[in-house]
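Visitor: Okay, handing you the structure first.
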Amino acid sequence: MRDSLRTQLTVTLLALTIVPLLLSGLVMARQSFQAQEQQVLGLERALVQRVTTAVESFVEGLEGQLHMVIEVKGLDSLPMGAQHEVLSELLAYQDAFADLALLSRDGRELVRVSRLRTYRRQDLGSRASQPEYWVPSRSGEIYYSPVRFDQVLGEPIITIGLPVVDRTSGELRGVLVGDARLKRVWDVIAGMPVGEGESVYIVSQEGRLVAHRNPSVVLRGTRFQVPAEDGVYPGLDAPEVVLAFETIHFGEQSLLVVAEKATSEAFRLAMNTLLITAVAVLGGIVLATAAGLVAVRRIVRPIEALSTTVEHVAAGDFSRRVEVARQDEIGRLAAGFNRMAAQLRDTVSGLETRVAERTRDLERRSNYLQASAEVGRAAASILDVDRLIGQVVNLIRERFGL
């Protein structure tokens, strides 16, 4: 009975209660996830910033040490033996440097020290065609090479080239070149405290991993395409992560520091909130449904009783009445119907009495007419007066019950 009042009221009340509850639950869940995402992004950006600061400090420290041997030690004015000694001391002091070389103004190697081998004078060559020479010599700026990887150890290496300029004339006296191992950055990454499902790593501008908490990820040449902006993306260590990154610029080169956290961990609180919200919404729906059904029953049952009574009255049972148990509009309607039914019963009863009286009157008149007709026939057929009078008297007694 889709068109019944009970069905219509039930559907309407349920729609008015369930739909708002569902919509509010969805809005709350969406806001919870968005707030959680922004909170996690803030934490990941803070982690990225800490790593970025540490890496920048490390590289700037290497640059500062190269400046020191140029400015403080006066590297360009020292004899060759002293130059070799100064570079050897720097190599011993800073284990991040794998190779140091002092180039002449035309790019020839004057002094070169290395951790892997000893260079004699005949081993020295020219780097005039290499960017670590001609970029600083032409622009006067510090040169940073792209990150490359040691063929034996697999460690990332970057080459730094600083121009050696005469402080009096400002003329180029040479270029100091150092190959720096970025393995120290691995220690920075490994020392960063991270939570469950969280990871931080560094990617070169070519997309190859430079540093990771798990060195084997770097050693096997893993590549990762960093998204254009922070957000939720497929991650390196999890299928879906909340990811933030920051770019470190060294001259024309750049490194991307990336922090990510698996959404299964990042949205754990939001999922718990969603579960609680779902239970609350479900409970609200159950209570609203129960209350709605009770309300519909209180509204519809008196109307159904009134409808049944109307059908009985319409069928002629004027004695039926609607039970009046409430004082609201439905109760007043029922009381009004009872008064109407009583008035209708009185009216019908009066009409029946009047019809009966009219019927009896018509019967009398009919009897008069019929008696008159029979008396006329008797008068026409009976010539004896006494007999005629007796016959007329008998007819009158029979017709009128006298």
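Each position in the sequence shown, counted from 1, maps to that position plus 250 in the working numbering.
Don't be surprised by glycine CBs; every beta carbon is placed ideally from N, CA and C.
Would you grab the beta carbon distance between L486 and F474 for me? Rounded to a whole angstrom, and I think it's under 8 Å.
Guide: Sequence index remark: in the sequence shown, residue 486 carries index 236 (1-based). Sequence index remark: in the sequence shown, residue 474 carries index 224 (1-based). The Cβ separation is near 5 Å, so the contact holds.
Visitor: Taking buried to mean at least 16 other C-beta atoms within 10 Å of its own C-beta, is P413 buried or exposed?
Guide: For the purposes of this step, residue 413 is identified with residue 163 of the sequence shown, where counting begins at 1. With 16 or more other Cβ atoms within 10 Å, it is buried.
Visitor: Which residue spans inside the stretch 491–546 form an unbroken alpha helix (DSSP H) run of at least 4?
Guide: 513–516
Visitor: Say whether chain B places a C-beta atom closer than 8 Å to the C-beta of L532.
Guide: Although the question refers to chain B, the structure presented lacks it and comprises just one protein chain.
Visitor: Please classify L601: does DSSP put it in a helix, a strand, or coil?
Guide: Within the sequence shown, numbered from 1, the residue matching residue 601 stands at position 351. Note: L601 maps to helix in three-state DSSP.
Visitor: What does a CB cutoff of less than 7 Å around H562 pick up in its chain, not counting 5 residues either side in sequence?
Guide: Locating residue 562 in the sequence shown gives position 312, where the first residue counts as 1. Here the set comprises R570.
Visitor: Taking only the alpha-carbon atoms, compute the straight-line gap between L340 and R518 and give it to the nearest angstrom.
Guide: Stepping through the sequence shown from its first residue, residue 340 is reached at position 90. Stepping through the sequence shown from its first residue, residue 518 is reached at position 268. Taking the straight line from one Cα to the other gives about 50 Å.
Visitor: Between S354 and the rest of its own chain, which residues show a CB-CB distance below 8 Å, the 5 nearest in sequence each way excluded?
Guide: Translated into the one-based positions of the sequence shown, residue 354 becomes position 104. If we look at S354 and ignore the five residues flanking it on each side, its Cβ neighbours are L360 and G424.
Visitor: Output the distance between the C-alpha atoms of E421 and L374, rounded to the nearest integer angstrom.
Guide: For the purposes of this step, residue 421 is identified with residue 171 of the sequence shown, where counting begins at 1. For the purposes of this step, residue 374 is identified with residue 124 of the sequence shown, where counting begins at 1. Spanning the two alpha carbons is a distance of roughly 24 Å.
Visitor: CA-CA distance, A279 and H499?
Guide: As a first step, residue 279 is located in the sequence shown; it is residue number 29 there, counting from the start. As a first step, residue 499 is located in the sequence shown; it is residue number 249 there, counting from the start. Cα to Cα, A279 sits roughly 39 Å from H499.
Visitor: Name the two residues that bound the continuous beta strand (DSSP E) containing E448.
Guide: Within the sequence shown, numbered from 1, the residue matching residue 448 stands at position 198. Run containing E448: E448 to S454, per the beta strand (DSSP E) assignment.
Visitor: In terms of alpha-carbon separation, which member of F347, V319 and E446 lies closest to E335?
Guide: Here residue 335 corresponds to residue number 85 of the sequence shown, with the count starting at 1. Measuring from the Cα of E335, the nearest candidate turns out to be V319.
Visitor: So, under 8 Å CB-CB, D349 and G428 are touching, yes? Tell me the CB distance rounded to an integer number of Å.
Guide: The residue you call residue 349 lines up with position 99 of the sequence shown. The residue you call residue 428 lines up with position 178 of the sequence shown. Between G428 and D349 the Cβ distance is about 7 Å, and since that is below 8 Å, they are a contact.
Visitor: Kindly confirm or deny that the stretch 393–408 and the stretch 316–332 touch, where touching means at least three C-beta pairs closer than 8 Å.
Guide: No: fewer than three Cβ pairs fall under 8 Å.
Visitor: Does the structure place the stretch 441–459 close enough to the stretch 290–307 that three or more beta carbon pairs sit under 8 Å?
Guide: yes
Visitor: Hey, could you find the ends of the beta strand (DSSP E) I410 is sitting in?
Guide: Taking the sequence shown and counting its residues from 1, the one referred to as residue 410 is at position 160. Per DSSP, the continuous beta strand (DSSP E) segment holding I410 begins and ends at P406 to V415.
Visitor: Applying the 10 Å Cβ sphere with the 16-neighbour rule, what's the burial state of D326?
Guide: Residue mapping note: residue 326 aligns to position 76 of the sequence shown, counting from 1. Under this definition D326 is a buried residue.
Visitor: In the DSSP assignment, what are the bridge partners of Y393?
Guide: By one-based count along the sequence shown, residue 393 stands at place 143. G411.
Visitor: Hey, quick one: how far does the beta strand (DSSP E) through R434 stretch, first residue to last?
Guide: On the sequence shown, position 184 is the one that residue 434 refers to. Not the beta strand (DSSP E): R434 falls in the alpha helix (DSSP H), residues K433 to G441.
Visitor: Would you report the Cα separation of A540 and V531, rounded to the nearest angstrom?
Guide: As a first step, residue 540 must be located in the sequence shown, where it is residue number 290. As a first step, residue 531 must be located in the sequence shown, where it is residue number 281. Near 14 Å, if we compare the C-alpha coordinates of V531 and A540.
Visitor: Whole angstroms are fine: how far does the CA of Q333 sit from the CA of P443?
Guide: Mapped onto the sequence shown, residue 443 falls at position 193. Mapped onto the sequence shown, residue 333 falls at position 83. Those two C-alpha atoms are separated by around 42 Å.
Visitor: Can you give me the C-alpha to C-alpha distance between G457 and R377, rounded to a whole angstrom?
Guide: Residue numbering aside, residue 457 sits at position 207 when the sequence shown is read from its first letter. Residue numbering aside, residue 377 sits at position 127 when the sequence shown is read from its first letter. Roughly 28 Å separates the two Cα atoms.
Visitor: L459: buried (16+ other C-beta within 10 angstroms of its C-beta) or exposed?
Guide: In the sequence shown, residue 459 corresponds to position 209, counting from 1. By the 10 Å Cβ count, L459 comes out buried.
Visitor: Kindly indicate the opening and closing residues of the alpha helix (DSSP H) around S466.
Guide: Working through the sequence shown from its first residue, we reach residue 466 at position 216. S466 -> alpha helix (DSSP H) spans P465 to L469.
Visitor: Quick check on the DSSP output: the beta strand (DSSP E) that includes E359 runs from which residue to which?
Guide: Start at 1 with the first residue of the sequence shown, and residue 359 comes out as number 109. Boundaries of the beta strand (DSSP E) harbouring E359: E359 to S364, taken from the DSSP string.
Visitor: Rank R610, G404, E382 and L337 by C-alpha distance to the C-alpha of V467 and give the top, closest one.
Guide: As a working note, residue 467 is residue 217 in the sequence shown. Residue G404 is the option with its Cα nearest to V467.
Visitor: Alpha helix (DSSP H) containing V322: first to last residue?
Guide: Locating residue 322 in the sequence shown gives position 72, counting from the first residue. Note, V322: premise wrong, no alpha helix (DSSP H); not H, not E.
Visitor: Between the Cα of F587 and the Cα atoms of T302, L366 and V560, which residue gives the shortest distance?
Guide: On the sequence shown, residue 587 is found 337 positions in, with the first residue counted as 1. F587 has its Cα closest to that of V560, out of T302, L366 and V560.
Visitor: Can you find the residues in the same chain that come closer than 8 Å, C-beta to C-beta, to G275, ignoring five residues on each side of it along the sequence?
Guide: Working through the sequence shown from its first residue, we reach residue 275 at position 25. So the qualifying residues of the chain are T527, A528, A530 and V531.
Visitor: Which class does R548 belong to by DSSP, given the choice of helix, strand or coil?
Guide: Stepping through the sequence shown from its first residue, residue 548 is reached at position 298. Of the three classes helix, strand and coil, the one that applies to R548 here is helix, per DSSP.
Visitor: Give every residue of the same chain whose Cβ lies closer than 7 Å to the Cβ of R434, excluding the five residues on either side of it in the sequence, and list them in chain order.
Guide: In the sequence shown, counting from the first residue as 1, residue 434 sits at position 184. Counting only Cβ-Cβ distances below 7 Å, and skipping sequence neighbours, we find F308 and A346.
Visitor: Under a three-way DSSP split, which group does S616 fall into?
Guide: Reading the sequence shown from its first residue, position 366 is the one you call residue 616. S616 falls in the helix class under three-state DSSP.
Visitor: Report yes if the CB atom of V305 is closer than 8 Å to the CB atom of V507, and no otherwise.
Guide: What you label residue 305 is simply residue 55 of the sequence shown in a count that begins at 1. What you label residue 507 is simply residue 257 of the sequence shown in a count that begins at 1. Yes, the Cβ-Cβ distance between V305 and V507 is below 8 Å.
Visitor: Is V605 buried or exposed, if buried means 16 or more other CB atoms sit within 10 Å of its CB?
Guide: The residue labelled residue 605 in the question sits at position 355 within the sequence shown. By the neighbour-count definition (other C-beta atoms within 10 Å, threshold 16), V605 is an exposed residue.
Visitor: Skipping 5 residues on each side, what residues in its chain have a beta carbon closer than 7 Å to that of P489?
Guide: Locating residue 489 in the sequence shown gives position 239, counting from the first residue. If you ignore the 5 residues before and after P489, its C-beta comes within less than 7 Å of no other C-beta in its own chain.
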